[in-house]
Structures are given as structure tokens and as C-alpha cells.
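Here is the structure we will look at.
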Amino acid sequence: ILVKNISRLCHAKPTVTANGRFPGPTIYAREGDSYHTFAMEVESGKTYLLRIINAALNDDLFFAISGHNMMLVEVDAVYTKPYFIAARPFMDAPLPVENKTATAILQYKGIPNIVLPTRPQLPASNDTDFALSYNKKLRSLNSAKFPAILPLKVDRKLFYTVGCGKDLCTTCVKGTRLLASLNNISFVMPKMGLLQTHYFNTKRVFRIDFPDKPPKPFNDTGAPLTADLGTAHGTRLSKFAFNSTVELALQDTNLLKVESHPFHLHGCNFFVIGTGIGNFDPVKDPSKFNLVDPIERNTVGILLGVGPPFGVWFMHCHLELDTGWGLKMAFVVEDGTGADQSIQPPSKDLPPCYLFEN
1 ILVKNISRLC
11 HAKPTVTANG
21 RFPGPTIYAR
31 EGDSYHTFAM
41 EVESGKTYLL
51 RIINAALNDD
61 LFFAISGHNM
71 MLVEVDAVYT
81 KPYFIAARPF
91 MDAPLPVENK
101 TATAILQYKG
111 IPNIVLPTRP
121 QLPASNDTDF
131 ALSYNKKLRS
141 LNSAKFPAIL
151 PLKVDRKLFY
161 TVGCGKDLCT
171 TCVKGTRLLA
181 SLNNISFVMP
191 KMGLLQTHYF
201 NTKRVFRIDF
211 PDKPPKPFND
221 TGAPLTADLG
231 TAHGTRLSKF
241 AFNSTVELAL
251 QDTNLLKVES
261 HPFHLHGCNF
271 FVIGTGIGNF
281 DPVKDPSKFN
291 LVDPIERNTV
301 GILLGVGPPF
311 GVWFMHCHLE
321 LDTGWGLKMA
331 FVVEDGTGAD
341 QSIQPPSKDL
351 PPCYLFEN
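Under full-length UniProt numbering, the first residue of the sequence shown is numbered 1, with each subsequent residue one higher.
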């Protein structure tokens, strides 16, 4: 599913597409226009597994097939308790084909093309309550074969605010440029690889002082701020001991814009123990956490899990624009005991271009 510019009647406008095409069935065209709709032939009585990837990232798109039930069985390559669904990023859904009426993209074998499909009934695109309700019902399988091994003793609690800001820029339009930040720090990419720097203990490339909480608390979701929108800059990382259990709350803010940021952490999955609207309350909200069968993800908003394995692991917003603006950081995880829990040396053919640049 992707948003792309589609031309109709000499005009182009952003349109949600399936496999690069606008699936219809409503088509605006003139006599003589050619139009092709993606169609997949299916057979009655068979069950089909659909892997649905939402390439629209922060646009929550609902997905349904008219006249059929779909059951979610997997999210982010992790089994879930079976659940009737609307689509989200990275999902597998087995589809039992039991009706004779297909849709614009599913066509039963033997049914002629002249039979018009019915349209599924979807929630409104801005139905936030429906989307939140769906997300809260996602649960891990938590069976004997696929247990949800949730660590309950937390070694470190982190609270990161997500926001945008403005910095002075003499070469930019209106004298300012837009930035994004975590805890008011816009990440600056180094010229030397972070893992390489960590292994060789190279100095003055990054600092291990990323704050566990924002520098100045305020009403994150209140009236938008109009002043003091500058951000700090730096290559600042946070450091964990090996095999630490870390709880991280990601709080969106009203700085310049409100977004649904899809955060991704390299190196491991994590458990989603809670989500919500408004300001996170560290006193009251933990009582609402799901510590029994939380869903396991690799891209989400508030999480709890065992820290990544030893090494350096990048965390960033999956929106390239925001990542380019500085909405990213990294975690350094110390070595454990023995060679199996320690960083291995780089390969002999590692390019030495920046090895001694200081």
C-alpha cells in the first residue's frame, strides 16, 4: 500500500495505491482511456495467507475484503493471538475464501470479469478511536511453544520526547531550518562508524551522555509552543550494561507538528506494554501496562524489553525526512562474559578510510 501521484482527466493527485495501482472499483475515465486493475485469482474453499506491508509508514490505512473475514496471525514476524483485523504495517493474515463475491483485487476462479465486486465497509480515515482500539487488542501468542518471556525487573527507565524545532540558518529561506529531536537533541551523524568507534575506543567521535529524560518538562500535548524552538546538536549515545532490561516511553509533543512516528530499533524486538493519548503519567499509567501477553514488535511507540545485544544499535524514526532532520540516536551495550558475548573484530577488508581521522 503506497501513496503515489495518479493522473486522471489531465490532473495528478496523491492516491493510495495497492501494488502501485489504484484498485478502484470507482474509476473516473473518459471514452478511450485504458485502465488496469490488479486482480488475483482465488479458488473457493482455499485459505490464503496475505502478507500486508504498509509502505505509507505513518499513515494508518485500514484494509478489508468485502464479504470475507480476515484473521491476524502474525505481526513483525511474531505470532499473535488470532484476531480479526484492519491492516497495519508488516502483517500476515490467512484469508478463508468462503463467499462467491470477490472484490476489486480478488477474483474467484471461473467468475467472469463482467461481475461487479462489492465494496468493503471501512472506518473513516481519521477514526482514531477505532485504530487505537485495534492496536490495544493485539496480543502475543504466549503459548508453551511460543512464550512471551517478559522481564519484569526493570534496570533502567527512559522517557524520550519526540519533537520538531527551528534553528537559525543564514542560507535558508526565512533564516531558519527545520529539525527534529529526541529529548531536544538533534543527532549529528559522525564521519566514522559508531560500531567501529566503539570497538577501537576512538576518542572525540561520540559522547555517552544522552539524557534519560528531557531537559525541561512541559505540557507535551497542550497548546502549541511558538517560542524557544531551538534544539541542541550532538552525537550523543546512551549506554547499557549487557543483558539490561530497559523500559522506554516515547512521548510525542506539539512542537511545530503532531506526528505518529514509527520508531525502529536495530538489533532486537521489544514488547509493547502500553499506548495512549495525551501526556504519559509515570505514576498512573504503569498500572495499565499489559505484562501478561504483550505484543512483540520492532517498530512502535512505547516499549519494554531486554536491551539489544552487545555493540552499538541505531534507533530512528522510519520517516526519512524526520531521520534526516535528526530524529535518531543510538545505544551502546557493553560486552558480556567471554567471546560469545563480546564484539568481534572487524573483517580484514574493512575500508580504513576514516580509521585515523580525528
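Glycine is no exception: its CB is placed at the ideal position from the N, C-alpha and C atoms.
By the 10 Å Cβ neighbour count, where 16 or more other Cβ atoms means buried, how is L260 classified, buried or exposed?
-> On the sequence shown, residue 260 is found 260 positions in, with the first residue counted as 1. Position check: residue 260 holds Ser in this sequence, whereas Leu was assumed. It is exposed - the Cβ of S260 has fewer than 16 other Cβ atoms within 10 Å.
Endpoints, the beta strand (DSSP E) within which A131 is located = As a working note, residue 131 is residue 131 in the sequence shown. Premise fails: A131 lies in the alpha helix (DSSP H), 128 to 136, not in any beta strand (DSSP E).
Reference L350; option with closest CA among L195, G163, L141, C164 = Taking the first residue of the sequence shown as position 1, residue 350 is located at position 350. Comparing Cα-Cα distances from L350 to each of L195, G163, L141, C164, the minimum goes to L195.
Taking Cβ to Cβ, would you say V73 is nearer than 9 Å to P82?
-> Translated into positions along the sequence shown, residue 73 becomes position 73. Translated into positions along the sequence shown, residue 82 becomes position 82. The Cβ atoms of V73 and P82 sit closer than 9 Å to each other.
Can you tell me which of the three DSSP states D340 falls into?
-> Within the sequence shown, the letter at position 340 stands for residue 340. D340: helix per DSSP, three-state reduction.
Given a threshold of 16 other Cβ atoms within 10 Å of its Cβ, counted over all protein chains shown, does M189 qualify as buried or as exposed?
-> Position 189 of the sequence shown, counted from the first residue, corresponds to residue 189. Under this definition M189 is an exposed residue.
Euclidean distance between Cα positions of T118 and V300 | Locating residue 118 in the sequence shown gives position 118, counting from the first residue. Locating residue 300 in the sequence shown gives position 300, counting from the first residue. C-alpha separation (whole angstroms): 34 Å.
Whole-angstrom distance between F240 and G336, CA atom to CA atom = For the purposes of this step, residue 336 is identified with residue 336 of the sequence shown, where counting begins at 1. For the purposes of this step, residue 240 is identified with residue 240 of the sequence shown, where counting begins at 1. One C-alpha to the other measures close to 11 Å.
Determine the extent of the beta strand (DSSP E) in which T176 is found, giving its start and end residues.
-> Looking up residue 176 in the sequence shown gives position 176. Counting along the chain, the beta strand (DSSP E) containing T176 begins and ends at 176 to 182.
Closest residue to G234 among D212, K216, R207 (Cα-Cα distance) = Within the sequence shown, the letter at position 234 stands for residue 234. Closest option to G234, Cα to Cα, is R207.
Beta-carbon separation of A272 and R297 under 9 Å?
-> In the sequence shown, residue 272 corresponds to position 272, counting from 1. In the sequence shown, residue 297 corresponds to position 297, counting from 1. According to the sequence shown, residue 272 is Val rather than Ala. A contact, by the Cβ cut-off of 9 Å.
Within 9 Å, strictly: CB atoms of S244 and F210 = If you number the sequence shown from 1, residue 244 lands on position 244. If you number the sequence shown from 1, residue 210 lands on position 210. It is not a contact, given that the beta carbons lie outside the stated cut-off.
Confirm, please, whether the CB-CB distance from K157 to V246 is below 9 Å.
-> In the sequence shown, the residue the question calls residue 246 occupies position 246. In the sequence shown, the residue the question calls residue 157 occupies position 157. Their beta carbons are under 9 Å apart, which means V246 touches K157 by this criterion.
Could you tell me which residues DSSP pairs with T299 in its beta bridges?
-> In the sequence shown, residue 299 corresponds to position 299, counting from 1. In the DSSP assignment, T299 is bridged to H264.
From which residue to which residue does the beta strand (DSSP E) around G163 run?
-> Position 163 of the sequence shown, counted from the first residue, corresponds to residue 163. G163 -> beta strand (DSSP E) spans 156 to 168.
Enclosing beta strand (DSSP E) for L50 [first to last residue] | Translated into the one-based positions of the sequence shown, residue 50 becomes position 50. It spans 47 to 52 - the beta strand (DSSP E) in which L50 sits, taken as one unbroken run.
Ignore the nearest five residues each way along the sequence and tell me which others in P294's own chain have a CB closer than 8 Å to its CB.
-> In the sequence shown, the residue the question calls residue 294 occupies position 294. Within the same chain, P294 has close Cβ partners R139, S140, A148, L150, F271, V272, I273, L304.
Using beta-carbon positions only, say whether Q251 and F280 come within less than 9 Å of one another.
-> Taking the first residue of the sequence shown as 1, we reach residue 251 at position 251. Taking the first residue of the sequence shown as 1, we reach residue 280 at position 280. Closer than 9 Å, so yes.
Would you mind working out which of K257, T323, H264, S186 sits nearest P214, comparing C-alpha positions?
-> Along the sequence shown, one-based indexing puts residue 214 at 214. Considering only alpha carbons, the answer is S186.
Within 9 Å, strictly: CB atoms of V283 and V312 | On the sequence shown, residue 283 is found 283 positions in, with the first residue counted as 1. On the sequence shown, residue 312 is found 312 positions in, with the first residue counted as 1. No, they are not a contact pair.
Under 8 Å Cβ to Cβ from S342, same chain only, skipping five residues before and after it: list those, please.
-> Position 342 of the sequence shown, counting from 1, holds the residue named residue 342. Cβ neighbours of S342 beyond the five flanking positions: F310, D335, G336.
For the beta strand (DSSP E) that G324 lies in, which residues bound it at each end?
-> Here residue 324 is taken as the residue at index 324 of the sequence shown, counted from 1. It is not in any beta strand (DSSP E) - G324 instead sits in the alpha helix (DSSP H) that spans 320 to 325.
Where do the N-terminal and C-terminal ends of the beta strand (DSSP E) with F187 fall, by residue?
-> To locate residue 187, count along the sequence shown from 1; it is residue 187. Start and end: 185 to 187.
Inter-residue Cα distance where the pair is G45 and A55 | Taking the first residue of the sequence shown as position 1, residue 45 is located at position 45. Taking the first residue of the sequence shown as position 1, residue 55 is located at position 55. Taking the CA atoms as reference points, G45 sits about 30 Å from A55.
With a CB to CB cut of under 7 Å and the five nearest residues on each side skipped, what residues in its chain are close to L291?
-> Locating residue 291 in the sequence shown gives position 291, counting from the first residue. Within the same chain, L291 has close Cβ partners L150, L152, I273.
Once you ignore the five residues that flank E98 on each side, which residues in its own chain have a CB closer than 6 Å to its CB?
-> For the purposes of this step, residue 98 is taken as the residue at position 98 of the sequence shown. Confidence is the limiting factor: at E98 the pLDDT is only 42, short of 50, which leaves the residue's position unreliable and the question unanswerable from this model.
Find the nearest neighbour of Q344 within the set N142, D127, F200, judged by alpha-carbon distance.
-> Indexing the sequence shown from 1 puts residue 344 at position 344. Residue F200 is the option with its Cα nearest to Q344.
If you follow the beta strand (DSSP E) that T245 is part of, which residue opens it and which one closes it?
-> Mapped onto the sequence shown, residue 245 falls at position 245. Where T245 is concerned, the enclosing beta strand (DSSP E) stretches over 245 to 252.
Work out the CA separation of G193 and S133 for me, nearest whole Å.
-> Position 133 of the sequence shown, counted from the start, is the residue given in the question as residue 133. Position 193 of the sequence shown, counted from the start, is the residue given in the question as residue 193. If you draw a straight line from the Cα of S133 to the Cα of G193, it comes to about 41 Å.
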